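Peer 1: Before I ask anything, let me first share the structure, which is written out below as structure tokens.
Numbering (my numbering), first residue to last: 758 to 1040.
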């Protein structure tokens, strides 16, 4: 299934994308797409609904983040060897884990706002993993059973704050609007192999990133198991799994960073596409 949340910020309704790519209203079935709707039993109940009997949503409403109630937004750094190389950093022996502030989460096509005085804001297309069942110290063998599904994420990053203001990457990762998620949550039954997904990102129509999840250093199952040792993962929590090469800071002969008026478009095979206008900082 492809599950969505649509409508004005803070007033989103649950929806489903039917076999013809049309948006259907799920409000009569579930109150939201959140932690209570992400377990296997709850998703199976939704899957039994005949999509063509649901109300058709007309027009093109705004899409919000496809999952509400996220408690933790966890990110993995340097998870593609070629991205580590372009960043002039060693390939990690264990996953590099940091967090993105929940307040940065937004819809897939909402504008991205440059932070105040930002000079090094950058893009990162990533595969996001949405947890469906409470996971604590789970094994790698069983890890995927705790996943509700997958999403596209743009891990927008301000490199000066990430790398030049001390040792914690979190500083450059959690600015407002720096976590576009969606357009929809694709349930894991429709993603038979999360390690074989093509991904791409353009800025102003120019291809910047082309990659595939098969080149991850640590795969999804490893990451879910690893992070579940560090903290209990709850339904609705999201792990964003790292980016392939082609980020702005790695461009040669000189780095390229986002500026007001730029447009980012990005996508992952089977998981949909995003589009964000880059806008100036405002209070």
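The beta-carbon is built from N, C-alpha and C at its ideal position, and this holds for glycine as well.
Just so you know, these numbers come straight off a predicted model, no measurement behind them.
1. Per DSSP, what kind of secondary structure is residue 918 in: helix, strand or coil?
2. Going by beta carbon distance, what residues of the same chain come within less than 7 angstroms of residue 1018, once the five residues before and after it are set aside?
3. Identify the residues that DSSP records as bridge partners of residue 997: which are they?
4. Put residue 957 into one of helix, strand or coil per three-state DSSP.
5. The ligand SAM and residue 845: does the residue's C-beta get closer than 6 angstroms to at least one heavy atom of that ligand?
6. What do you get for residue 790, buried or exposed, if any count of 16 or more other CB atoms within 10 angstroms of its CB means buried?
7. Say whether chain E places a C-beta atom closer than 7 angstroms to the C-beta of residue 1019.
8. Where residue 971 and residue 956 are concerned, what is the direct C-alpha to C-alpha distance, given to the nearest angstrom?
9. Comparing alpha-carbon positions, which option in 980, 850 and 1005 lies nearest residue 892?
10. Which same chain residues, not among the five before or five after residue 1037, have their C-beta less than 8 angstroms away from its C-beta?
11. Measuring CB to CB, does residue 761 end up less than 7 angstroms from residue 820?
12. What are the start and end residues of the beta strand (DSSP E) that includes residue 1030?
13. Should residue 881 go down as buried or exposed, given a rule of 16 or more other Cβ atoms within 10 Å for buried?
14. I'd like the list of long-range same chain contacts for residue 993, defined as Cβ closer than 8 angstroms, with 5 residues on each side in sequence excluded.
15. Whose C-alpha, out of 1002, 859 and 788, is nearest the C-alpha of residue 958?
16. Can you list, in chain order, the residues of its chain whose CB lies under 7 angstroms from that of residue 804, leaving out five sequence neighbours each side?
17. Alpha carbon to alpha carbon, how far is residue 1040 from residue 843? Give it in angstroms, no decimals.
18. Grouping DSSP H, G and I as helix and E and B as strand, with all else coil, what is residue 706?
19. Between residue 837 and residue 965, which are expected to be in contact by the criterion C-beta below 8 angstroms, what is the C-beta distance as a whole number of angstroms?
20. Can you give me the Cβ contacts of residue 941 inside the same chain, cut-off strictly under 8 angstroms, excluding the 5 residues immediately before and after it?
21. Who are the Cβ neighbours of residue 916 in its own chain at under 7 angstroms, not counting the five residues just before and after it?
22. Helix or strand or just coil, what does DSSP make of residue 785?
23. Going straight from the alpha carbon of residue 990 to that of residue 814, what length do you get?
24. Who are the near neighbours of residue 858 in its chain, counting only those whose CB is closer than 6 angstroms to its CB and skipping five residues on each side?
25. Which of the three DSSP states, helix, strand or coil, is assigned to residue 814?
26. Where do the N-terminal and C-terminal ends of the beta strand (DSSP E) with residue 924 fall, by residue?
27. Am I right that residue 766 and residue 783 are in contact with their C-beta atoms under 8 angstroms? What's the rounded C-beta distance?
28. Note down, one range per segment and in chain order, each beta strand (DSSP E) of at least 3 residues found wholly within the segment 840 to 890.
29. Would you tell me roughly how many angstroms separate the C-alpha atoms of residue 927 and residue 810, rounded to the nearest one?
Peer 2: Judging by the given coordinates:
1. helix
2. 1035
3. 832 and 885
4. strand
5. With respect to small molecules bound, the structure shown includes none, and the ligand SAM cannot be examined in it.
6. buried
7. Although the question refers to chain E, the structure presented lacks it and comprises just one protein chain.
8. 11 angstroms
9. 980
10. 870, 871 and 1017
11. yes
12. 1029 to 1036
13. buried
14. 791, 792, 795, 824, 825, 826, 827, 828, 887 and 888
15. 1002
16. 758
17. 34 angstroms
18. Nothing can be reported for residue 706: it is not among the residues displayed for the chain, which extend from 758 to 1040.
19. The Cβ separation is near 14 angstroms, so there is no contact.
20. 759, 760, 761, 774, 820, 823, 908, 1028 and 1029
21. 877, 879, 929 and 1006
22. coil
23. 33 angstroms
24. 931
25. coil
26. That residue, residue 924, is in no beta strand (DSSP E); it is neither H nor E in DSSP.
27. 19 angstroms between Cβ atoms; not a contact.
28. 853 to 856 and 882 to 888
29. 45 angstroms
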